[in-house]
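Mapping of the sequence shown onto this note's numbering: residues 7 to 390, in sequence order. Glycine included, each C-beta is placed from N, C-alpha and C at the ideal position. This structure is a prediction, so every number in the text was calculated from the model and none was measured. For reference, the structure is listed below as structure tokens.
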Amino acid sequence: MFRTAWTIGRIRGIPLRLHVSLLLVVPFLAASVAGHQLPRALRQVGLTIDDLTLPASLLGLLLAVALFVGVLLHELGHALVALKQGGKVRGITLMVLGGVTEIENDEATPRQQAWMAFAGPLVSLVLGVGSLALASVGALGLDLSLMLAIFGWMNIGLAVFNLIPAYPLDGGRILRALLAMRLTPLRATRIAATVGRTIALSAVAFSIFFHFDPMLLLVAAFVYLGASVEEAALTQRDRLGGLKARQAMVTRVASVEPEMPLPAVARHMLFQGAAAALVRDAQNIYGVIVPSDLRRGAEGVARNLCPNGPLFVHVEEDLGAVARELQRPGRRGAIVQDDFNIIVGVVTHDELARASALRHAADAARPASPDTNRPVKAESYDRR
Ligand SMILES: [Zn+2]
7 MFRTAWTIGR IRGIPLRLHV SLLLVVPFLA ASVAGHQLPR ALRQVGLTID
57 DLTLPASLLG LLLAVALFVG VLLHELGHAL VALKQGGKVR GITLMVLGGV
107 TEIENDEATP RQQAWMAFAG PLVSLVLGVG SLALASVGAL GLDLSLMLAI
157 FGWMNIGLAV FNLIPAYPLD GGRILRALLA MRLTPLRATR IAATVGRTIA
207 LSAVAFSIFF HFDPMLLLVA AFVYLGASVE EAALTQRDRL GGLKARQAMV
257 TRVASVEPEM PLPAVARHML FQGAAAALVR DAQNIYGVIV PSDLRRGAEG
307 VARNLCPNGP LFVHVEEDLG AVARELQRPG RRGAIVQDDF NIIVGVVTHD
357 ELARASALRH AADAARPASP DTNRPVKAES YDRR
């Protein structure tokens, strides 16, 4: 998902990445702190920039970097709770809108999910209050106390912002987890996503009519799209639950060598009428290529499109579980095997969408169940 990021280290085995957008936002933030926050904080105590020992620009830069350290600690709060609950953390990426932690914790109970979502804002809150308390100790000197005070308020702001119940922000995740204690996961997600989108649209309206703020619009777009994407993903998993991998696999699969240039892969797939290509040599299978990977002018070889390695599923695997694996970043297709580990087909995103649409259409003809968001399991009439 984040190919324009550098891995700078690992914490408890979690890769820590810096996104290229930080290169833009750190200097911008540093200038904003040096030009606005610092002079304002100084004015409140009757001082000016000239009373500082260090140059304001240096303090601004230090604070900008410190803020991202604060964001990192916030994300680590989520990540370490997820690890403790038995989940997996694929990585933490620091980027323009803060941090993104890729967590796989599907087995977590709603109570655990709520705690995992709350852990980040809690870290920010503790950091903020702790820094403000330190800043109020007089003997630290003006520069350090001022930095601690600004750092403290920034972290409290971060905590409060993330606690807004606009899914997929942390507050929205807490809301969804609380709803999921009483409702199905899909219904809880739908309500939380609707609340998230409503808040996002209100923020857009506020920005248009009262106070234009490009950052607010960016965050609103992030919330609106994020809520919609997560709701669509869960809707698809819910619809596909109960179906089998074989019901959504394509058998028109080409085989290509890992070193085959991409234009040749496209020609080969077209010639064979294939919906997917298996990248393999005599010893290994590297992954799956689908037509949407192959753009005009794309350079490189087949193996470059398989950075995550192959994903194998059994032919009788639950399609909802297959969808959950394929919805992870960078997954293009699941390789379907039978009882003898023989490859019989590939499930791609296109096929998931097709099966999901068919399932939806098929269910519409049936009498509505008491909870219409919970489709009747398909085994009863779809088993072959
Ligand atoms: Zn968070």
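Asked                                                                                                                                                                              : Found
Would you kindly check if the distance between the Cβ of Q242 and the Cβ of A329 is under 8 Å?                                                                                     : yes
Given this structure, state the Cα-to-Cα distance separating L24 from I197, to the nearest angstrom.                                                                               : 33 Å
Helix, strand or coil for L86? Go by DSSP, reduced to three states.                                                                                                                : helix
Exposed or buried, what is R302 when buried is set at 16 or more other beta-carbons lying within 10 Å of its beta-carbon?                                                          : exposed
Check whether the Cβ of H126 lies closer than 7 Å to any heavy atom of ligand 1, and answer yes or no.                                                                             : For the sequence presented, residue 126 should be read as Gly rather than His. Result yes, Cβ under 7 Å from ligand 1.
On the three-state DSSP scale, how would you describe M7?                                                                                                                          : Confidence in M7 is poor, its pLDDT being 41 and thus under 50, which makes the residue's placement too unreliable to answer from.
What separation, rounded to the nearest whole angstrom, lies between the Cα atoms of L22 and V294?                                                                                 : 27 Å
Compute the minimum distance between the beta carbon of N161 and the heavy atoms of ligand 1, and state whether it is under 7 Å.                                                   : no
Between the beta-carbon of G126 and the beta-carbon of G92, is there less than 8 Å?                                                                                                : no
For E331, which of helix, strand or coil comes out of DSSP?                                                                                                                        : helix
Please identify the residue among E237, K94, L35 whose C-alpha is closest to the C-alpha of F157.                                                                                  : L35
At what residue ranges does the stretch 15-56 contain a whole run of the alpha helix (DSSP H), taking only runs of 4 or more?                                                      : 28-38, 44-50
Using C-beta distances below 7 Å, list every residue in its chain close to V75, excluding the 5 sequence neighbours before and after it, in chain order.                           : none
Could you give the first and the last residue of the continuous beta strand (DSSP E) run that contains F318?                                                                       : 318-320
Could you tell me which of V296, F218, A226, I55 sits nearest to D356, measuring between CA atoms?                                                                                 : V296
Taking 6 Å as the limit between beta carbons, can you name the residues of its chain near S213, skipping five residues before and five after?                                      : D219, L222, L223
Could you spell out the range, first to last residue, of the alpha helix (DSSP H) harbouring Y173?                                                                                 : From DSSP, Y173 is part of no alpha helix (DSSP H); its letter is neither H nor E.
For I109, list the residues DSSP reports as bridge partners.                                                                                                                       : V95
Quick one, which of E113, L28, T99, G147 has its alpha-carbon nearest T59's?                                                                                                       : G147
Identify every run of the alpha helix (DSSP H) within the stretch 189-273, keeping only runs that are complete inside it and at least 4 residues long; order them along the chain. : 191-215, 220-246
Among residues of its own chain, excluding the 5 on either side of E236, which ones have a beta-carbon nearer than 8 Å to its beta-carbon?                                         : Y173, P174, T195, A199
By Cβ distance, which residues of its chain are closer than 6 Å to R338, with the 5 residues on each side in sequence left out?                                                    : V294, V296
Looking at V77: is its Cβ nearer than 8 Å to the Cβ of L164?                                                                                                                       : yes
By the three-class DSSP mapping on this structure, what secondary structure does A183 have?                                                                                        : helix
Any contact of the stretch 308-321 with the stretch 283-293, i.e. 3+ C-beta pairs under 8 Å?                                                                                       : yes
Return the bridge partner residues of G104 from the DSSP annotation.                                                                                                               : M101
My guess is that V106 and A70 are in contact by the Cβ rule of under 8 Å, so how many angstroms apart are they, rounded?                                                           : Incorrect: roughly 19 Å between the Cβ atoms, too far for contact.
Give a yes or no on contact between the stretch 128-146 and the stretch 103-120, applying the rule of three or more CB pairs nearer than 8 Å.                                      : no
Ligand 1 heavy atoms versus the CB of H84: any closer than 7 Å?                                                                                                                    : yes
May I have the straight-line CA-CA distance separating A37 from L48, to the nearest angstrom?                                                                                      : 16 Å
Taking Q118 as part of the alpha helix (DSSP H), name the residues at either end of that continuous run.                                                                           : 116-141
Could you check whether L73 and V129 sit closer than 8 Å to each other, using their CB atoms as the reference points?                                                              : no
Could you check what DSSP says for D369 in three-state terms: helix, strand or coil?                                                                                               : helix
Using 8 Å as the threshold, is the stretch 335-351 in touch with the stretch 318-325, meaning 3 or more CB pairs across them?                                                      : yes
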